[in-house]
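Residue numbers (my numbering), protein chains in the order written: chain A, 1 to 182; chain B, 1001 to 1155; chain C, 2001 to 2184. From the three backbone atoms N, C-alpha and C, an ideal C-beta is built for every residue, glycine too. Computed from a prediction, not measured in an experiment: that's the story for all the values here. This report refers to the structure that appears directly beneath it.
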Amino acid sequence: MIKRCEDIRDRIGAWMDGELSRSGAEEVRVHLESCQACCEERRQLEKLQASLEAVLVAGPSNVSFERFWPGVEQRINRKRVWHEDFFGRVRDLLTPPQLAWLVPAVIILVLTGVFSFESFFPGSRLAVQRNNFAAVDSIDAFGRNVAVLRENETKTTIIWLYQNQEGEDESTGEKTDASPSF
Amino acid sequence: MSLLGKRLTRALLSSSILCFLAGFAGAAEITSQIVQIKIGAILASNQGDEFDSRLAPLEKQLKLMKYRSYRLLKEESQKVQRKGNATFDIPGGRSLVVTPQESGTKQLALRVHLQQGGKPLIDTTVRLNSGGNFLLGGPPHEGGALVISISATAQ
Amino acid sequence: MEFSDWDLVQKCQAGETSAFQELVSRYQQKIFMVVLGLLRDREDSMDVAQEAFFRAYRKIKGFKGGSSFYTWLYRIAVNMAIDAQRRQKRNPLEFRDNMDAVLEEQNEVEKDPFSNVRDKELRAGLIAAINDLTAEHKAVIILRTVEGLPYKDIGEILGCSEGTVMSRLHYARKKLQGKLKAFL
Chain A
1 MIKRCEDIRD RIGAWMDGEL SRSGAEEVRV HLESCQACCE ERRQLEKLQA
51 SLEAVLVAGP SNVSFERFWP GVEQRINRKR VWHEDFFGRV RDLLTPPQLA
101 WLVPAVIILV LTGVFSFESF FPGSRLAVQR NNFAAVDSID AFGRNVAVLR
151 ENETKTTIIW LYQNQEGEDE STGEKTDASP SF
Chain B
1001 MSLLGKRLTR ALLSSSILCF LAGFAGAAEI TSQIVQIKIG AILASNQGDE
1051 FDSRLAPLEK QLKLMKYRSY RLLKEESQKV QRKGNATFDI PGGRSLVVTP
1101 QESGTKQLAL RVHLQQGGKP LIDTTVRLNS GGNFLLGGPP HEGGALVISI
1151 SATAQ
Chain C
2001 MEFSDWDLVQ KCQAGETSAF QELVSRYQQK IFMVVLGLLR DREDSMDVAQ
2051 EAFFRAYRKI KGFKGGSSFY TWLYRIAVNM AIDAQRRQKR NPLEFRDNMD
2101 AVLEEQNEVE KDPFSNVRDK ELRAGLIAAI NDLTAEHKAV IILRTVEGLP
2151 YKDIGEILGC SEGTVMSRLH YARKKLQGKL KAFL
């Protein structure tokens, strides 16, 4: 019985508002006919509702609206300062609550994509440019001239082995063109 | 706080946490034992003006050398354990051996040994970020110069 | 010939400001009452209500008729009132004083339903209890009590389900009941 009363009391407000289904409303109505405790709950809610209406509706109901439209019209005709307009548009963009999550979600996706791009596409141009500098810890060119070039814009490290002047490479029969210019 | 304010705050808070965690993930030390080594052997010369379209990802890097023509001769990829050797045949009777080292840092360390006909040309140890690359060039080949792009990715 | 809300919206979208004026005159009191219920200050409420109509005017070209015009308008007004509420720094006692001032100004004192002293205490307690509710709970109480809107429309205005409206109303009423038990 106690559980039934709890269930009924949870629904008295919706019953008073006419928002229950026909069977639900009937259930509440029949229970109220026989239960004193729930009847008392109904009485209290009805008094609360009446008090709320008195405070929220009856009091200020005779406010004059003569100057209401002129106030709105003034706002429509007023030239907005640029930043009011800008922030107004930004607010309009963010206002729909269903879409408010979208803006930070897009920011997360973009940032995550940028930070993790090289994990998914390690050989990609973006990855190459972002984190490509190699450090040369040791180098042994076995007597040949060697140069290490590090280029900042492309973040490239080039180790260049020059031909031996004494013609060691000539024995391989390789003809060579000019050395590169960096 | 308004409904919109609460939702925005919640979304911004969770996005900040996600970004923070992503940052940590990026900064994590590389402990993987398998490394994928990828090499590209390229002929750089002043004969002709050809730029091999397969070399598009490396275009900016290669053009630092100011040759007029670049042609991809060979591309190969191998997976190797740390301290293991990945050996590549390079055009012109050359051979490239790449050995990933233990690094203890977030970078990969590669020992690179290039030889020709059994004679060593260069032996170098290079540190780079996973997914990064460097160029090793200079040996003469077919009227131009051989450039080898070496990249490594921790698996 | 009386135009429907949608007819007036379309005229407004075509550039007829007079059509918007007609919409304003239809809903100005309703919007003001809802905002007043949330803000409890007449001047602020008048200001926010006018601003809500202005914002609706700016956005009306984007209104596609997916919901009814009045729920769309209420949504704008309620969100603005909730934002304005955060900026208010007054305490509940001042709210009661303001209500007295409103009533006196409008010569409503003799018609005051709270003429009995005990009832006056109930009114003061009720105003304080309403102000203690969270913005979401206050909004459902206002929309249901002031406008008598069905749960479905309240849900559309506040961007939540009918079930959530029912649950919030139940919670809000329970809270008010608890605070005013001695008077009910």
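Any chain B beta carbon closer than 9 angstroms to residue i
| i | result |
| --- | --- |
| A:Pro70 | no |
| A:Leu56 | no |
| A:Ala127 | With a pLDDT of 49 at A:Ala127, under the threshold of 50, the modelled position of that residue is not reliable, and the figure given next carries that caveat. Yes, contact with chain B. |
| A:Phe133 | yes |
| A:Ile158 | yes |
| A:Cys142 | A small fix is needed here, since residue 142 of chain A is Phe in this sequence, not Cys. Yes - at least one Cβ of chain B is within 9 angstroms of the one on A:Phe142. |
| A:Leu161 | yes |
| A:Val146 | yes |
Distance between beta carbons of residue j and residue i, contact taken as under 8 angstroms
| i | j | result |
| --- | --- | --- |
| B:Leu984 | B:Leu1114 | For residue 984 of chain B there is no data in the structure shown, the boundaries of chain B being 1001 and 1155. |
| A:Val55 | C:Ile2127 | 6 angstroms |
| C:Gly2155 | C:Thr2164 | 7 angstroms |
| B:Leu1064 | B:Ala1041 | At roughly 18 angstroms, the Cβ-Cβ gap does not stay under 8 angstroms, so B:Leu1064 and B:Ala1041 are not in contact. |
| A:Arg42 | A:Leu32 | 6 angstroms |
| C:Lys2138 | C:Ile2130 | 6 angstroms |
| C:Pro2151 | A:Glu19 | Looking at the sequence provided, one finds Tyr at residue 2151 of chain C rather than Pro. That pair is a contact at about 5 angstroms. |
| C:Phe2063 | C:Ser2045 | Not confirmed; about 24 angstroms, so no contact. |
| B:Gln1081 | B:Gln1033 | 6 angstroms |
| B:Ser1151 | B:Asn1129 | Not confirmed; about 10 angstroms, so no contact. |
| A:Gly13 | C:Arg2173 | 5 angstroms |
| A:Ala134 | B:Arg1127 | 6 angstroms |
| B:Gly1137 | B:Ile1148 | 7 angstroms |
Residue i at chain A interface by Cβ criterion, 9 angstroms
| i | result |
| --- | --- |
| B:Thr1087 | no |
| B:Lys1074 | no |
| C:Ser2025 | yes |
| B:Gln1107 | yes |
| C:Leu2176 | yes |
| B:Leu1096 | no |
| C:Glu2121 | no |
| C:Thr2017 | yes |
| C:Tyr2185 | It is not possible to answer for residue 2185 of chain C, since the shown part of chain C is limited to 2001 through 2184. |
| C:Gln2010 | no |
| C:Arg2118 | no |
| C:Met2099 | Its pLDDT being 47, under 50, C:Met2099 is placed unreliably in this model, and the value from its coordinates should be taken loosely. Yes, C:Met2099 lies at the interface with chain A (some Cβ there is under 9 angstroms from its Cβ). |
Within-9 angstroms CB hit, residue i to chain C
| i | result |
| --- | --- |
| A:Glu73 | yes |
| A:Glu151 | no |
| A:Glu53 | yes |
| A:Ala105 | no |
| A:Glu191 | What the structure shows of chain A is the stretch from 1 to 182, and residue 191 of chain A is not part of that stretch, so it cannot be assessed. |
| A:Ile8 | no |
| A:Ala14 | yes |
| A:Val90 | no |
| A:Gly113 | no |
| A:Leu102 | no |
| A:Ile108 | no |
| A:Lys47 | yes |
| A:Phe65 | yes |
Identified DSSP bridge partners for residue i
| i | result |
| --- | --- |
| A:Trp160 | A:Ala147 and B:Gly1137 |
| A:Arg9 | A:Arg9 is not bridged to any residue. |
| B:Pro1120 | B:Gln1115 |
| B:Glu1076 | B:Ile1039 |
| B:Ser1069 | B:Ser1045 |
| A:Val136 | B:Val1126 |
| A:Pro70 | Partner(s): none; A:Pro70 has no beta bridge. |
| B:Thr1099 | B:Arg1111 |
| B:Arg1094 | B:Ile1090 and B:Gln1116 |
| B:Leu1146 | B:Leu1043 |
| B:Phe1051 | B:Tyr1070 |
| B:Ile1034 | B:Gln1081 |
| C:Ser2167 | Partner(s): none; C:Ser2167 has no beta bridge. |
| B:Ser1151 | B:Lys1038 and B:Asn1133 |
Proximal chain D residues relative to residue i, where beta-carbon distance stays under 7 angstroms
| i | result |
| --- | --- |
| A:Ser138 | Among the protein chains of the structure shown, namely A, B and C, there is no chain D. |
task: Mind checking the segment 2127-2146 of chain C against chain A and listing, in chain order, the residues whose C-beta falls within less than 8 angstroms of any C-beta there?
output: Considering only beta carbons, the part of the segment 2127-2146 of chain C lying closer than 8 angstroms to chain A consists of Ile2127, Ile2130, Ile2141, Ile2142, Arg2144, Thr2145 and Val2146, in chain order.
query: At a Cβ cut of 8 angstroms, what residues of the segment 22-39 of chain A count as close to chain C, listed as they run along the chain?
result: Cβ contacts with chain C come from no residue of the segment 22-39 of chain A.
query: Listed from N- to C-terminal order along the chain, which residues in the segment 1121-1142 of chain B have their beta-carbon within a distance smaller than 9 angstroms of any beta-carbon of chain A?
result: Here the close residues are Leu1121, Ile1122, Asp1123, Thr1124, Thr1125, Val1126, Arg1127, Leu1128, Asn1129, Ser1130, Gly1131, Gly1132, Asn1133, Phe1134, Leu1135, Leu1136, Gly1137, Gly1138, Pro1139, Pro1140, His1141 and Glu1142.
- request: Mind checking the segment 1052-1067 of chain B against chain A and listing, in chain order, the residues whose C-beta falls within less than 7 angstroms of any C-beta there?
  value: Here the close residues are Pro1057, Lys1060, Gln1061, Leu1064, Met1065, Lys1066 and Tyr1067.
field: Residues, ordered as in the chain, of the segment 2052-2069 of chain C that lie near chain A by beta-carbon distance below 7 angstroms
entry: Residues of the segment 2052-2069 of chain C with a C-beta atom less than 7 angstroms from some C-beta of chain A are Phe2053, Phe2054, Tyr2057 and Lys2059, listed in chain order.
task: Select from the segment 2157-2171 of chain C all residues with a C-beta closer than 7 angstroms to any C-beta belonging to chain A, and list them in chain order.
output: Close to chain A, meaning a Cβ-Cβ distance shorter than 7 angstroms, are the following residues of the segment 2157-2171 of chain C: Gly2159, Met2166, Leu2169 and His2170.
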